[in-house]
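Undergrad: Here it is, the structure, as structure tokens.
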Amino acid sequence: MDLTVVILVEMLYAVASLILISAGLAVIFGMMKVINLAHGEFMMMGGYATITAVNLGVNIFMAMLIIAPIVVGLIGLVVERLVIRHLYGRLVDTMLATWGLSLFFIGLATMIFGNTTTGISTPIPGFAIGNYQINGYNFFIIVIAILLLIGMLAILKATRAGLIARGAMQRSDMAAALGYSPDRIYLATFFCGSALSGLAGAVLAPLVGLVPTSGGAYIAKAFITVIAGGPSLIAGLFSSAGFFGIVNQIFTFAISPVIGEVALLVAAVVLLRLLPQGITGKFFKGNF
Amino acid sequence: MSLNRRNFLASSAAFAGASMLPRIVMAADTIKLGSILDTSGIFDAYGKPMDMAARLAVDEINAAGGLLGKQVEVVAYDTQSDMALYSQYGQQLTRQDKVDVVHGGILSASREAIRQTMRKTKTPYFYNVLYEGGVCDRNIFINGVTPAQQVEALVPYAMGKSGKKVYILAADYNYGQITARWIQKFVADNGGETVGVDFFPLDVSDFGSTIAKIQSVGPDLVIAPLVGGAHLSFFRQWAAAGMKGRIPLASTTLGVGNEHKVLTPEEGNGIMVAYNYSQELDTPANNVFKDRWAAAYGDSDLIHEIAVSNYQGVMTWAEAVRQAESVDRDALISALESGLSIDGPAGKVTVDPRTHHAVLDVHIMEFENQGMKVIETLPQRQPIDTQAVCDLSANPDDNTQYEIEF
Numbered sequence: 166m167d168l169t170v171v172i173l174v175e176m177l178y179a180v181a182s183l184i185l186i187s188a189g190l191a192v193i194f195g196m197m198k199v200i201n202l203a204h205g206e207f208m209m210m211g212g213y214a215t216i217t218a219v220n221l222g223v224n225i226f227m228a229m230l231i232i233a234p235i236v237v238g239l240i241g242l243v244v245e246r247l248v249i250r251h252l253y254g255r256l257v258d259t260m261l262a263t264w265g266l267s268l269f270f271i272g273l274a275t276m277i278f279g280n281t282t283t284g285i286s287t288p289i290p291g292f293a294i295g296n297y298q299i300n301g302y303n304f305f306i307i308v309i310a311i312l313l314l315i316g317m318l319a320i321l322k323a324t325r326a327g328l329i330a331r332g333a334m335q336r337s338d339m340a341a342a343l344g345y346s347p348d349r350i351y352l353a354t355f356f357c358g359s360a361l362s363g364l365a366g367a368v369l370a371p372l373v374g375l376v377p378t379s380g381g382a383y384i385a386k387a388f389i390t391v392i393a394g395g396p397s398l399i400a401g402l403f404s405s406a407g408f409f410g411i412v413n414q415i416f417t418f419a420i421s422p423v424i425g426e427v428a429l430l431v432a433a434v435v436l437l438r439l440l441p442q443g444i445t446g447k448f449f450k451g452n453f
Numbered sequence: 007m008s009l010n011r012r013n014f015l016a017s018s019a020a021f022a023g024a025s026m027l028p029r030i031v032m033a034a035d036t037i038k039l040g041s042i043l044d045t046s047g048i049f050d051a052y053g054k055p056m057d058m059a060a061r062l063a064v065d066e067i068n069a070a071g072g073l074l075g076k077q078v079e080v081v082a083y084d085t086q087s088d089m090a091l092y093s094q095y096g097q098q099l100t101r102q103d104k105v106d107v108v109h110g111g112i113l114s115a116s117r118e119a120i121r122q123t124m125r126k127t128k129t130p131y132f133y134n135v136l137y138e139g140g141v142c143d144r145n146i147f148i149n150g151v152t153p154a155q156q157v158e159a160l161v162p163y164a165m166g167k168s169g170k171k172v173y174i175l176a177a178d179y180n181y182g183q184i185t186a187r188w189i190q191k192f193v194a195d196n197g198g199e200t201v202g203v204d205f206f207p208l209d210v211s212d213f214g215s216t217i218a219k220i221q222s223v224g225p226d227l228v229i230a231p232l233v234g235g236a237h238l239s240f241f242r243q244w245a246a247a248g249m250k251g252r253i254p255l256a257s258t259t260l261g262v263g264n265e266h267k268v269l270t271p272e273e274g275n276g277i278m279v280a281y282n283y284s285q286e287l288d289t290p291a292n293n294v295f296k297d298r299w300a301a302a303y304g305d306s307d308l309i310h311e312i313a314v315s316n317y318q319g320v321m322t323w324a325e326a327v328r329q330a331e332s333v334d335r336d337a338l339i340s341a342l343e344s345g346l347s348i349d350g351p352a353g354k355v356t357v358d359p360r361t362h363h364a365v366l367d368v369h370i371m372e373f374e375n376q377g378m379k380v381i382e383t384l385p386q387r388q389p390i391d392t393q394a395v396c397d398l399s400a401n402p403d404d405n406t407q408y409e410i411e412f
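Order-wise, the sequence lines are chains A and B.
All letters in the first sequence, in the order written, are residues 166 to 453 by our numbering.
All letters in the second sequence, in the order written, are residues 7 to 412 by our numbering.
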């Protein structure tokens, strides 16, 4: 019984962490069609922003939830102005450019922070479920992921800014004809996407040993989740993260963590063979 | 004196010739020590302190009058954490610079990239890093601890402090696989039982399910030869789940790259390890070494296990040159095979003539407030794993890296 609860929590946590690491990419790649290979590095910078802030004496939650997203969002702004805005609509070119960016950020982080592992410890103590001890921080991540989904849904669906952003992504010429500057809408959307990546990196930072190359560990999972999710932003994110997270954890508990990772990749291949447009290309159509 | 062009040319040529002459003599009059290490790129956390240690050793040798009346000159190449550069610079060191000895290589892959070049060109090669064991080659000398040396010391101590049921979490490549096998062997030899073994690729950083699984098995002890930044997450998540006080941890890798300074005291305290070196080793030799390091580089924070190995490697070579009264390879090997030993910062290091590995002091330690507190010193442990497969005195032409079977 206790073990069932523990497994359930670990599954929810796996789903939540997939949602977190994919949310920023869902905005930048899913909405804006920019293949951002520097997504992992945005997360890495979120982690470093958090650790630096905490070491400077800032409260850890403040550092994770406010400072890191803003810092990475601002870096995203600069990147958008200097590089990405010249490449909208050129899918393959964004891939090359952001790959270069990813190498640049790894180099930059190595110069500033050195090539050693750093980290901070988790702010929430573990607690017991029956005979089992479980990481209390898992619940924090689950809560953040839920709030994130609700927040994104609310902004995209219920606010005028969300409507304008969605409109501009679909037909930027129409948005321009109606008096909105696509240039500024893209800029703001890229800022949001980068900030979400920074938030993910920040929230996951206490769980890992951070090195400048840490971003590489997230990038494949993020792309798989977003691509398998399909055209709807939030329904896609939720359904594919849910599917992969559960598959991953079932095999992890039943066999081993390595098989869990393999199962995730096999599931992705099979899924994309059966549903080339992603989950929301067939189900939950018309949602966000 | 009037200075016309012809005079000027003649005199300056003579001057140039004269000033070059002593330098040529000087150049032939140094002993060249080749060093090949990753001092930039992703392995620089290992390579930079190793480079600093080698230079410190050479400076000390030179300050004491050099070797055979000559100064030792370092010819160093930075391989930038790129394995392809090892073969290139290995060639350059042996064929172009014609060095008398080569120290270096960090990962096993880098050692294997240059080992044959050193052998072919008859350049003595010192590999000064803890590694998976089994290399059998008369041209190479290795002074890092091998898995058996560590595990043989660590397992009985850790089991004595916890219990008989052991769970192993290891990195999924040759080092982790081999070390896990040794742990299983010594757990059985000490009357214990291995209740689980899990291997993790180097990029796995989420251990939540593993931590739950370990609890459902309920071992008395977890031994974790995990490697690298991603795997450091395990120790962090273990503490975050509140497991620290419940099941003791031991590791054969944590701390080599000074990881104990990255973990907070709450996360690290009490983790049991066994190495050749600890900064907290309170011996006169280590205190002198740390003072010299601090005098040369500002502070001694960067010193780690393999930096000290590299220092001891250079010192072992220097001692062999003194005894052989030559830098010639065969004379040097004979001197080293005579059971030569030196007293390094980590204790006495003796060359094992049969395997060209090292007989070393192994210190059992526990993490305490971001340091490694020495609990017990096991003097002069034999490299029993490599000894089981390699005998260079019986078979001097051997040139293999053995996989050690039980």
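Ideal Cβ positions, reconstructed from N, Cα and C, are used throughout, including at glycine.
Cβ of residue 429 of chain A within 8 Å of Cβ of residue 449 of chain A?
TA: Within the first sequence, residue 429 of chain A is the residue found at index 264, counting from 1. Within the first sequence, residue 449 of chain A is the residue found at index 284, counting from 1. No, the pair does not count as a contact, with Cβ atoms beyond the cut-off.
Undergrad: At a CB distance below 7 Å, what residues from the region 193-222 of chain A approach chain B? Give them in sequence order.
TA: none
Undergrad: Give the DSSP bridge partners of residue 97 of chain B, in chain order.
TA: Within the second sequence, residue 97 of chain B is the residue found at index 91, counting from 1. For residue 97 of chain B, which the question treats as bridged, DSSP gives no partner whatsoever.
Undergrad: Would the region 118-129 of chain B count as touching the region 82-97 of chain B if we require 3 or more Cβ pairs under 8 Å?
TA: yes
Undergrad: Specify the secondary structure class of residue 402 of chain A as computed by DSSP and reduced to three states.
TA: Here residue 402 of chain A corresponds to residue number 237 of the first sequence, with the count starting at 1. It is helical.
Undergrad: Measuring only the C-alpha atoms, how far is residue 27 of chain B from residue 319 of chain B?
TA: By one-based count along the second sequence, residue 27 of chain B stands at place 21. By one-based count along the second sequence, residue 319 of chain B stands at place 313. For residue 27 of chain B, the predicted structure reports a pLDDT of 46, less than 50, and the residue's modelled location is therefore unreliable. A value from the coordinates is still provided. Cα-Cα distance, rounded: 34 Å.
Undergrad: Just checking my contact of residue 87 of chain B with residue 48 of chain B at CB under 8 Å: how many whole Å lie between their CB atoms?
TA: Walking along the second sequence from the start, residue 87 of chain B turns up at place 81. Walking along the second sequence from the start, residue 48 of chain B turns up at place 42. Contact between residue 87 of chain B and residue 48 of chain B is confirmed by a C-beta separation of about 5 Å, below the 8 Å threshold.
Undergrad: When burial is assigned at 16 or more other CB atoms within 10 Å of the CB, is residue 345 of chain B buried or exposed?
TA: For the purposes of this step, residue 345 of chain B is taken as residue 339 along the second sequence, with counting starting at 1. With fewer than 16 other Cβ atoms within 10 Å, it is exposed.
Undergrad: Could you compute how far the alpha carbon of residue 237 of chain A sits from the alpha carbon of residue 181 of chain A?
TA: To locate residue 237 of chain A, count along the first sequence from 1; it is residue 72. To locate residue 181 of chain A, count along the first sequence from 1; it is residue 16. About 21 Å.
Undergrad: With DSSP as the reference, label residue 406 of chain B as helix, strand or coil.
TA: On the second sequence, position 400 is the one that residue 406 of chain B refers to. Reduced to three states, the DSSP call for residue 406 of chain B is strand.
Undergrad: Below 8 Å on the Cβ atoms is my guess for residue 201 of chain A versus residue 190 of chain A; work out the distance and round it to an integer in Å.
TA: Along the first sequence, one-based indexing puts residue 201 of chain A at 36. Along the first sequence, one-based indexing puts residue 190 of chain A at 25. Right, the Cβ-Cβ distance comes to about 6 Å (below 8 Å), so this counts as a contact.
Undergrad: So residue 395 of chain B and residue 73 of chain B are supposed to be a Cβ contact under 8 Å. How far apart are they, rounded?
TA: For this step, residue 395 of chain B is matched to residue 389 along the second sequence. For this step, residue 73 of chain B is matched to residue 67 along the second sequence. Contact doesn't hold; Cβ gap of about 34 Å is too wide.
Undergrad: Determine the contact status of residue 216 of chain A and residue 378 of chain A, defining contact as a CB-CB distance below 8 Å.
TA: Translated into positions along the first sequence, residue 216 of chain A becomes position 51. Translated into positions along the first sequence, residue 378 of chain A becomes position 213. It is not a contact, given that the beta carbons lie outside the stated cut-off.
Undergrad: Indicate the three-state DSSP secondary structure (helix, strand or coil) for residue 277 of chain B in the structure shown.
TA: Position 271 of the second sequence, counted from the first residue, corresponds to residue 277 of chain B. Coil.
Undergrad: Which residue's Cα is closest to the Cα of residue 303 of chain A: A:314, A:297 and A:287?
TA: The sequence position of residue 303 of chain A within the first sequence is 138, counting from 1. Checking every option, the nearest Cα to that of residue 303 of chain A belongs to A:287.
Undergrad: Are residue 170 of chain B and residue 198 of chain B touching if we call contact CB-CB under 8 Å?
TA: Here residue 170 of chain B refers to the residue found at position 164 of the second sequence. Here residue 198 of chain B refers to the residue found at position 192 of the second sequence. In contact: residue 170 of chain B and residue 198 of chain B (Cβ atoms closer than 8 Å).
Undergrad: Which residues, in order along the region 243-261 of chain B, keep a beta-carbon less than 8 Å from a beta-carbon of chain A?
TA: 243, 245, 246, 247, 248, 249 and 252
Undergrad: Within the same chain, show all residues whose beta-carbon is closer than 7 Å to that of residue 175 of chain A, passing over the 5 residues directly before and after it, in chain order.
TA: As a first step, residue 175 of chain A is located in the first sequence; it is residue number 10 there, counting from the start. If we look at residue 175 of chain A and ignore the five residues flanking it on each side, its Cβ neighbours are 414.
Undergrad: Is the distance from the Cβ of residue 52 of chain B to the Cβ of residue 263 of chain B below 8 Å?
TA: As a first step, residue 52 of chain B is located in the second sequence; it is residue number 46 there, counting from the start. As a first step, residue 263 of chain B is located in the second sequence; it is residue number 257 there, counting from the start. Contact: yes.
Undergrad: Quick one: list the residues of chain A neighbouring residue 42 of chain B, beta-carbon separation under 9 Å, in chain order.
TA: The count along the second sequence starts at 1 and reaches residue 42 of chain B at position 36. Correct list: empty, because the minimum Cβ distance to chain A is about 19 Å.
Undergrad: Going by DSSP, what residues sit across from residue 35 of chain B in a beta bridge?
TA: Here residue 35 of chain B corresponds to residue number 29 of the second sequence, with the count starting at 1. According to DSSP, which records beta bridges pairwise, residue 35 of chain B is partnered with nothing at all.
Undergrad: Could you check which residue in B:215, B:334, B:371 and B:314 has the C-alpha nearest to that of residue 61 of chain B?
TA: On the second sequence, residue 61 of chain B is found 55 positions in, with the first residue counted as 1. With distances taken between Cα atoms, residue 61 of chain B lies closest to B:314.
Undergrad: For residue 370 of chain A and residue 404 of chain B, what's the separation of their Cα atoms in angstroms?
TA: Here residue 370 of chain A refers to the residue found at position 205 when the first sequence is read from its first residue. Here residue 404 of chain B refers to the residue found at position 398 when the second sequence is read from its first residue. Straight-line spacing of the CA atoms in residue 370 of chain A and residue 404 of chain B works out to 48 Å.
Undergrad: Where does the unbroken beta strand (DSSP E) through residue 143 of chain B begin, and where does it stop?
TA: For the purposes of this step, residue 143 of chain B is taken as the residue at position 137 of the second sequence. From DSSP, the beta strand (DSSP E) with residue 143 of chain B extends over 141-143.
Undergrad: Could you give the residue range of the alpha helix (DSSP H) that holds residue 165 of chain B?
TA: By 1-based counting over the second sequence, the position of residue 165 of chain B is 159. Taken as a continuous stretch (DSSP letters only), the alpha helix (DSSP H) holding residue 165 of chain B covers 153-167.
Undergrad: In chain order, what residues of the region 219-238 of chain B put their CB closer than 7 Å to some CB of chain A?
TA: 219, 221, 222, 235, 236 and 238
Undergrad: Quick one: grab the DSSP three-state call for residue 336 of chain B.
TA: On the second sequence, position 330 is the one that residue 336 of chain B refers to. Of the three classes helix, strand and coil, the one that applies to residue 336 of chain B here is helix, per DSSP.
Undergrad: Expressed to the nearest angstrom, what Euclidean distance is found between the alpha-carbon atoms of residue 285 of chain B and residue 244 of chain A?
TA: Within the second sequence, the letter at position 279 stands for residue 285 of chain B. Within the first sequence, the letter at position 79 stands for residue 244 of chain A. Their backbone Cα atoms lie some 44 Å apart in a straight line.
Undergrad: Looking at C-beta atoms only, is the number of pairs between the region 153-168 of chain B and the region 181-198 of chain B that lie closer than 8 Å three or more?
TA: yes
Undergrad: On a Cα-Cα basis, can you pick out the residue from B:369, B:127, B:183 and B:401 that is closest to residue 362 of chain B?
TA: Within the second sequence, residue 362 of chain B is the residue found at index 356, counting from 1. For residue 362 of chain B, the nearest C-alpha among the options comes from B:401.
Undergrad: So, using beta-carbon positions, are residue 66 of chain B and residue 37 of chain B closer together than 8 Å?
TA: In the second sequence, the residue the question calls residue 66 of chain B occupies position 60. In the second sequence, the residue the question calls residue 37 of chain B occupies position 31. No, they are not a contact pair.
Undergrad: Can you list, in chain order, the residues of its chain whose CB lies under 7 Å from that of residue 446 of chain A, leaving out five sequence neighbours each side?
TA: Counting from 1 along the first sequence, the entry for residue 446 of chain A is found at position 281. Closer than 7 Å at the Cβ level, and outside the excluded window around residue 446 of chain A, lie 395, 396 and 440.
Undergrad: Grab the span of the beta strand (DSSP E) containing residue 369 of chain B for me, first residue to last.
TA: Looking up residue 369 of chain B in the second sequence gives position 363. Looking at the DSSP string, the run of the beta strand (DSSP E) that includes residue 369 of chain B is 364-374.
Undergrad: Helix, strand or coil: how does DSSP classify residue 255 of chain A here?
TA: For the purposes of this step, residue 255 of chain A is taken as the residue at position 90 of the first sequence. If DSSP states are grouped into helix, strand and coil, residue 255 of chain A belongs with coil.
Undergrad: Does the beta carbon of residue 284 of chain B come closer than 8 Å to any beta carbon on chain A?
TA: By one-based count along the second sequence, residue 284 of chain B stands at place 278. No - not a single Cβ of chain A is within 8 Å of the one on residue 284 of chain B.
Undergrad: Smallest Cα separation from residue 374 of chain B: which of B:410, B:391, B:267 and B:365?
TA: Residue 374 of chain B sits at position 368 when you count from the first residue of the second sequence. With distances taken between Cα atoms, residue 374 of chain B lies closest to B:267.
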